[in-house]
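Asker:
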Amino acid sequence: MQLIPPKTTRDWKGIIKSLEKIVGSDGVIKRRDELLTYECDGLTGYRQRPALAILPRTTEQVAAIISLCHQQEIPWVARGAGTGLSGGALPLEEGILIVTARMRQILEVDLENQTVTVQPGVINNWVTQTVSGAGFYYAPDPSSQVICSIGGNVAENSGGVHCLKYGVTTNHVLGLKIVVPDGSILDIGGTIAEMPGYDLTGVFVGSEGTLGIATEITLRILKLPETICVLLADFTCIEAAGETVATIINNGIIPAGMEIMDNLSINAVEDVVATGCYPRDAAAILLIELDGLAVEVSVNQEKVSQICQEKGARSITVATDPQKRLLLWKGRKAAFAAAGKMSPNYFVQDGVIPRTQLAHVLTEINLLGESYGYKIANVFHAGDGNLHPLILYDNSIPGAWQEVEELGGEILKLCVDAGGSLSGEHGIGIDKNCYMPYMFNEIDLETMQYVRSAFNPKNLANPDKLFPTPRTCGESARIIEDNKYPGIELY
């Protein structure tokens, strides 16, 4: 049984004994074959097994692990459910992976103040399941909500279908108990929305594990709306669907969510989940959810239907029955998984653009795909301009991954040039950190580093993520192939 990477000079046997005293022998994963489970997150293009994976159950155990890492100067990476799509949980060859999968307690439910406090390993959908019987729900709902964890959502500031109207994770986190990289335990934020002093909660949410680990998270929950209505409009061109989104918002209507799927995605989900609701010959479908008071929803439904017709929708399906609504959303929620039906491999990006640029950018993305010779399926949060182009490729073809990664970078640059952003909810991680200088100047990046250094002066917490490393855009794959980043495998 090989316990450690062969190049290590650390006293790993002594470190393992110390860690086993903290979490027990069953909480330290040290066999190389067992560590294979943790070699990557949802971005499978990069893989690296950690030296060890540690599974704590409490805040105190997390603090003790991080204190040991601080003393021994061992770099570490936090991991939740491993569903992230930017390589944020990619381990280090001679580092420790701190896995929060066993921290799954719902610590407190306060319906009167509309809050729920959970450990980071609690699955996103469990929060709504816990409070739905009392008429509440948790708004942020990533497509992976049945498997992704709240801790990961906090790290990446995850969004979801309902982020258009209700905001992303940071809008629903009131307070955090965190362990910072020297092992200290801090309480930031609280149980009320407005707190004096610096907004450290806002700083921490979306920091991608570079400032510490959240071990207790106080979330805001909402009352279920009186009425919910979902409309499905299908179009003969995706640009018309994009123009419809901007027109609806410009008319003062803020749906709970608006999602677009193109023809490739439509046929993939129908092949896999067979909703029977998505017309296979449509160039695009637009899913629109309206919620609120019954009279408000009724009026907006008529207005939205009229706008869709004016923009060229061939047909409009309206669903108010809960089962029919869930059926209309079923395909959208399964879109990423269904992409596996279209291609042996796919690479998903996560750029953001202004809504007014949707038609233009979608056209340019398709042109980029044609120039590189790859099909691109588009499925995205159209209401807030958060694009998720899925680049389809075959990893068995030599050089395909390098080309796809370069194409993904060109899409990100296109989003920034259109007045948008590198990421809406998937984070920067190792996937996009080399593109940060394309969006931010040196002073911007230096200021961000001041914040990181204040929490993480030794750079032990998730090093080499979020911020640029010496590698340059378009060269990352070649650098790793040339073994300039030993240990990281390129797939």
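Counting along the sequence shown from 1, when you hit position 322 you're at 370 in my numbering, and nothing is skipped either side.
Ideal Cβ placement from N, Cα and C applies to all residues, glycine included.
Could you tell me whether the Cβ atoms of leucine 159 and alanine 137 are closer together than 8 Å?
Answerer: What you label residue 159 is simply residue 111 of the sequence shown in a count that begins at 1. What you label residue 137 is simply residue 89 of the sequence shown in a count that begins at 1. For leucine 159 and alanine 137, no; Cβs fall outside 8 Å.
Asker: Let me confirm a value: isoleucine 355 is counted as buried when at least 16 other C-beta atoms fall within 10 Å, else exposed. Which label applies?
Answerer: One-based indexing of the sequence shown puts residue 355 at position 307. Per the 10 Å Cβ criterion, buried.
Asker: Please determine if the segment 222 to 234 and the segment 187 to 194 are in contact, where contact requires at least 3 C-beta pairs separated by less than 8 Å.
Answerer: The segment 222 to 234, when compared against the segment 187 to 194, does not touch it at the 8 Å Cβ threshold.
Asker: Helix, strand or coil for arginine 328? Go by DSSP, reduced to three states.
Answerer: Taking the first residue of the sequence shown as 1, we reach residue 328 at position 280. Here arginine 328 sits in coil by DSSP.
Asker: Within 10 angstroms of its Cβ, does asparagine 489 collect 16 or more other Cβ (buried), or is it exposed?
Answerer: In the sequence shown, the residue the question calls residue 489 occupies position 441. Asparagine 489 should be labelled exposed.
Asker: Any chance the segment 193 to 209 sits against the segment 283 to 300, with 3 or more Cβ pairs inside 8 Å?
Answerer: Judged by Cβ distances under 8 Å, the segment 193 to 209 makes no contact with the segment 283 to 300, as fewer than three pairs qualify.
Asker: Classify glycine 132: buried if its beta carbon has 16 or more other beta carbons within 10 angstroms, exposed otherwise.
Answerer: Working through the sequence shown from its first residue, we reach residue 132 at position 84. It is buried - the Cβ of glycine 132 has at least 16 other Cβ atoms within 10 Å.
Asker: Near glutamate 68, which residues of its chain fall below 6 Å by C-beta distance, leaving aside the five closest residues on each side in sequence?
Answerer: Walking along the sequence shown from the start, residue 68 turns up at place 20. Closer than 6 Å at Cβ, skipping near neighbours: Val76.
Asker: Using the three-state DSSP reduction, which class does asparagine 443 fall into: helix, strand or coil?
Answerer: In the sequence shown, counting from the first residue as 1, residue 443 sits at position 395. Reduced to three states, the DSSP call for asparagine 443 is coil.
Asker: Does the segment 230 to 241 touch the segment 467 to 477, meaning 3 or more C-beta pairs lie closer than 8 Å?
Answerer: Result no; under three Cβ-Cβ pairs closer than 8 Å.
Asker: Name the DSSP beta bridge partners of lysine 423, please?
Answerer: Taking the first residue of the sequence shown as position 1, residue 423 is located at position 375. According to DSSP, lysine 423 bridges with nothing at all.
Asker: Is it true that the CB of glycine 360 sits closer than 8 Å to the CB of phenylalanine 283?
Answerer: Your numbering for residue 283 matches position 235 in the sequence shown. Your numbering for residue 360 matches position 312 in the sequence shown. Their beta carbons are under 8 Å apart, which means phenylalanine 283 touches glycine 360 by this criterion.
Asker: Straight-line CA distance for valine 164 to leucine 470?
Answerer: Here residue 164 corresponds to residue number 116 of the sequence shown, with the count starting at 1. Here residue 470 corresponds to residue number 422 of the sequence shown, with the count starting at 1. So the two alpha carbons sit approximately 31 Å from each other.
Asker: Pick helix, strand or coil for isoleucine 546, following the three-state DSSP scheme.
Answerer: What is shown of the chain runs 49 to 539, which leaves residue 546 out entirely.
Asker: Mapping DSSP to helix, strand and coil, what is alanine 182?
Answerer: Here residue 182 refers to the residue found at position 134 of the sequence shown. Helix.
Asker: Closer than 7 Å to a non-hydrogen atom of the ligand MN - does that hold for the CB of leucine 67?
Answerer: Among the components of this structure there are no ligands whatsoever, and the ligand MN is therefore not found.
Asker: Could you tell me how far apart the beta carbons of leucine 155 and valine 166 are, in whole angstroms, since I believe they sit closer than 8 Å?
Answerer: Residue mapping note: residue 155 aligns to position 107 of the sequence shown, counting from 1. Residue mapping note: residue 166 aligns to position 118 of the sequence shown, counting from 1. That belief holds up - the Cβ atoms of leucine 155 and valine 166 are roughly 6 Å apart, short of 8 Å.
Asker: Report the CB separation of asparagine 414 from isoleucine 308 in whole angstroms; it is logged as a contact under 8 Å.
Answerer: Counted from its first residue, the sequence shown places residue 414 at position 366. Counted from its first residue, the sequence shown places residue 308 at position 260. Rounded, the Cβ-Cβ distance is 14 Å, inconsistent with contact.
Asker: Please state whether the Cβ-Cβ distance between valine 175 and alanine 262 is less than 8 Å.
Answerer: Translated into positions along the sequence shown, residue 175 becomes position 127. Translated into positions along the sequence shown, residue 262 becomes position 214. Result no, Cβ atoms of valine 175 and alanine 262 do not sit closer than 8 Å.
Asker: Touching or not, the segment 397 to 412 and the segment 364 to 384, by the rule of three or more beta carbon pairs under 8 Å?
Answerer: Result no; under three Cβ-Cβ pairs closer than 8 Å.
Asker: Expressed to the nearest angstrom, what Euclidean distance is found between the alpha-carbon atoms of arginine 519 and glycine 399?
Answerer: Taking the sequence shown and counting its residues from 1, the one referred to as residue 519 is at position 471. Taking the sequence shown and counting its residues from 1, the one referred to as residue 399 is at position 351. Because arginine 519 carries a pLDDT of 48, less than 50, the predicted location of this residue cannot be relied on, and the following value inherits that uncertainty. Spanning the two alpha carbons is a distance of roughly 21 Å.
Asker: What do you get for proline 446, buried or exposed, if any count of 16 or more other CB atoms within 10 angstroms of its CB means buried?
Answerer: Counted from its first residue, the sequence shown places residue 446 at position 398. Its Cβ having fewer than 16 others within 10 Å, proline 446 is exposed.
Asker: Candidates Gly417, Tyr441, Ile314, Gly305: which alpha carbon is nearest leucine 462's?
Answerer: Along the sequence shown, read from residue 1 onward, the residue named residue 462 stands at position 414. The shortest C-alpha separation from leucine 462 is found at Gly417.
Asker: With 16 as the cutoff for other CB atoms within 10 Å, does aspartate 512 come out buried or exposed?
Answerer: Position 464 of the sequence shown, counted from the first residue, corresponds to residue 512. Answer is buried; the Cβ neighbour count reaches 16.
Asker: According to DSSP, is threonine 266 helix, strand or coil?
Answerer: One-based indexing of the sequence shown puts residue 266 at position 218. Reduced to three states, the DSSP call for threonine 266 is strand.
Asker: By DSSP, does aspartate 230 sit in helix, in strand, or in coil?
Answerer: To locate residue 230, count along the sequence shown from 1; it is residue 182. In the structure shown, aspartate 230 sits in coil (DSSP, three-state: anything other than H, G, I, E or B).
Asker: Please report the straight-line C-alpha distance between glutamate 142 and isoleucine 113, rounded to a whole angstrom.
Answerer: As a working mapping, residue 142 is identified with position 94 in the sequence shown. As a working mapping, residue 113 is identified with position 65 in the sequence shown. Whole-angstrom Cα-Cα distance: 15 Å.
Asker: Classify glutamine 405: buried if its beta carbon has 16 or more other beta carbons within 10 angstroms, exposed otherwise.
Answerer: On the sequence shown, position 357 is the one that residue 405 refers to. Burial call: buried.
Asker: Is the segment 381 to 395 in contact with the segment 434 to 445, if contact means three or more CB pairs nearer than 8 Å?
Answerer: Yes: the two stretches touch, three or more of their Cβ pairs being nearer than 8 Å.
Asker: Measuring straight from C-alpha to C-alpha, what distance separates leucine 455 and glycine 421?
Answerer: Translated into positions along the sequence shown, residue 455 becomes position 407. Translated into positions along the sequence shown, residue 421 becomes position 373. C-alpha separation (whole angstroms): 10 Å.
Asker: In chain order, which continuous runs of the alpha helix (DSSP H) of length 4 or greater are located wholly inside the segment 295 to 361?
Answerer: Whole alpha helix (DSSP H) segments, 4+ residues: 311 to 320, 342 to 358.
Asker: Mark glycine 62 as exposed unless 16 or more other C-beta atoms lie within 10 angstroms of its C-beta, in which case mark it buried.
Answerer: Residue 62 sits at position 14 when you count from the first residue of the sequence shown. Burial call: exposed.
Asker: Of all the options Gly238, Ala281, Glu242, Ile459, which has the alpha carbon lying nearest to the alpha carbon of tyrosine 483?
Answerer: In the sequence shown, the residue the question calls residue 483 occupies position 435. The residue with the shortest Cα to Cα distance from tyrosine 483 is Ile459.
Asker: Would you mind giving the Cβ-Cβ distance between proline 98 and leucine 140, rounded to the nearest angstrom? I have them listed as a contact below 8 Å.
Answerer: To locate residue 98, count along the sequence shown from 1; it is residue 50. To locate residue 140, count along the sequence shown from 1; it is residue 92. Confirmed, Cβ separation roughly 6 Å.
Asker: Here's the rule I'm using: 16 or more other beta-carbon atoms within 10 Å means buried, otherwise exposed. How should proline 168 be labelled?
Answerer: Along the sequence shown, one-based indexing puts residue 168 at 120. Classification for proline 168: buried.
Asker: Only counting the same chain, and skipping five residues up and downstream in sequence, which positions put a Cβ closer than 6 Å to that of threonine 365?
Answerer: Looking up residue 365 in the sequence shown gives position 317. Only Leu280 meet the Cβ criterion.
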